[in-house]
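Numbering (the working numbering), first residue to last: 2 to 78. For glycine and all other residues, C-beta sits at the position ideal for the given N, C-alpha and C. A short write-up of the structure that comes next.
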């Protein structure tokens with residue numbers, strides 16, 4: 002998770018507990034969890050948009066290449 006080990010996560014949690022306090026820690030963690038989920042959702046949607054755009058560009062390039070090859074070979078349709 003996030004490229005950190007369990008012991009590193011425990012240290013971060015203890016520091017957060019000291020900084021925020023035991024009463025507010027659940028609320029802070031809840032907000033952080035929601036923000037993380039929202040960020041992941043946004044990232045997945047962004048990746049889908051980029052993937053779709055690249056797929057469309059690739060198809061367009063293939064069609065252009067076929068068209069130019071046919072024109073070059075004299076197979077005018």
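Pick helix, strand or coil for residue 25, following the three-state DSSP scheme. coil
Indicate the three-state DSSP secondary structure (helix, strand or coil) for residue 4 in the structure shown. Here residue 4 carries a coil assignment [DSSP, helix/strand/coil].
Leaving out five residues on either side along the sequence, give the residues of the same chain with a beta carbon under 6 Å from the beta carbon of residue 15. none
Is residue 75 helix, strand or coil by DSSP? coil
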